[in-house]
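Below you'll find the structure, written out as structure tokens, and then a few comments.
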Amino acid sequence: MLSLLSNLFRQDSGPELRQQVELFESIFGAMPVMIWVKDTQNNTLYINPAAAALEGVPVEHVVGKNARDVYPPEVAEAFYKDDQEVIRSGKPKLNILDRHVVPATQEVAWLLTGKVPLRDKREKIIGVVAFAVDVTEQKNSEAKLQETSEQFQAQNNELRRMQAFLDSTLDQLENAVLRGATSGELMRYINQARETALRE
Numbered sequence: 091m092l093s094l095l096s097n098l099f100r101q102d103s104g105p106e107l108r109q110q111v112e113l114f115e116s117i118f119g120a121m122p123v124m125i126w127v128k129d130t131q132n133n134t135l136y137i138n139p140a141a142a143a144l145e146g147v148p149v150e151h152v153v154g155k156n157a158r159d160v161y162p163p164e165v166a167e168a169f170y171k172d173d174q175e176v177i178r179s180g181k182p183k184l185n186i187l188d189r190h191v192v193p194a195t196q197e198v199a200w201l202l203t204g205k206v207p208l209r210d211k212r213e214k215i216i217g218v219v220a221f222a223v224d225v226t227e228q229k230n231s232e233a234k235l236q237e238t239s240e241q242f243q244a245q246n247n248e249l250r251r252m253q254a255f256l257d258s259t260l261d262q263l264e265n266a267v268l269r270g271a272t273s274g275e276l277m278r279y280i281n282q283a284r285e286t287a288l289r290e
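Those letters in the sequence shown? Residues 91 to 290, per the working numbering, in order.
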């Protein structure tokens with residue numbers, strides 16, 4: 091992938107450029123993985139249809155534009171700083187879980203993202219390739235599972251309190267009956283057992 095991208099974006103690509111571009115667009119246009127190619131100044135050189143669909147805009151709305159023209163200033167600045175870290179270090183950043191707010195809809199999407207440096211034929215870094223997979227459904231499932239687990243824990247705690255109340259009440263009643271307690275004393279034991287259970 092990086093070899094193909096490097097050939098596409100180097101200055102002297104040669105006569106095979108058109109064929110490479112068509113191959114590039116065919117492969118990455120069909121992929122569900124979202125791909126952005128940006129230069130060192132946060133300008134978008136390429137975005138595939140999957141990435142454009144996530145942002146809720148046509149491809150042509152993003153290509154050739156700076157991130158500041160597409161995203162809120164603080165988001166564009168965060169992208170730029172992240173890109174610069176990859177450009178300065180020359181090292182990829184992989185498997186980053188990112189909370190992404192879609193500019194067109196303000197909906198939240200959870201993305202598993204990565205960025206790698208894009209180099210020309212002289213190995214000079216000329217930009218970054220960012221890619222992402224939408225894991226919103228999995229993330230929401232985890233949240234629902236956590237919520238269900240918390241609800242189950244609360245119900246379990248309530249059951250334990252009820253069990254403690256019943257056990258305490260039965261113990262009190264058994265002792266009272268053995269001593270020949272009056273009905274008033276039996277009610278007092280029941281109330282005491284309930285208070286004890288509620289404190290636990």
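We put the CB at the ideal spot given by N, CA and C, even for glycine. Computed from a predicted model, the values in this text were never measured in an experiment.
- Looking only at Thr134, Val218, Ala143, Gln196, the smallest Cα-Cα distance to proline 162 is reached by Gln196.
- DSSP places aspartate 159 in no alpha helix (DSSP H); its state is neither H nor E.
- Annotation: the continuous alpha helix (DSSP H) that includes alanine 143 extends over 139-145.
- DSSP places histidine 151 outside any beta strand (DSSP E), giving it a letter other than H or E.
- Pairing valine 147 with tryptophan 200, the inter-Cα distance amounts to about 18 Å.
- For glycine 204, the enclosing beta strand (DSSP E) stretches over residues 198-209.
- Lysine 128 is classed as buried because its beta carbon has at least 16 other beta carbons within 10 Å across all chains shown.
- Contact between glycine 154 and threonine 134 holds: their C-beta atoms lie close to 7 Å from each other, under 8 Å.
- Counting C-beta pairs with one atom in each stretch, the segment 165-180 and the segment 134-143 have fewer than three that are closer than 8 Å, which means they do not touch.
- In terms of Cβ geometry, aspartate 224 and isoleucine 216 do not form a close pair [threshold 9 Å].
- When C-alpha distances from leucine 184 are compared across Ile137, Asp173, Phe114, the shortest belongs to Asp173.
- For the options Gly204, Met121, Val152, Asn132, the alpha carbon positioned closest to that of aspartate 188 is the one of Gly204.
- Counting of Cβ neighbours within 10 angstroms places proline 122 among the exposed residues, the total staying below 16.
- Boundaries for alanine 194: no beta strand (DSSP E) harbours it, and the DSSP string shows neither H nor E there.
- Between the C-alpha atoms of asparagine 156 and methionine 124 there is a straight-line separation of about 18 Å.
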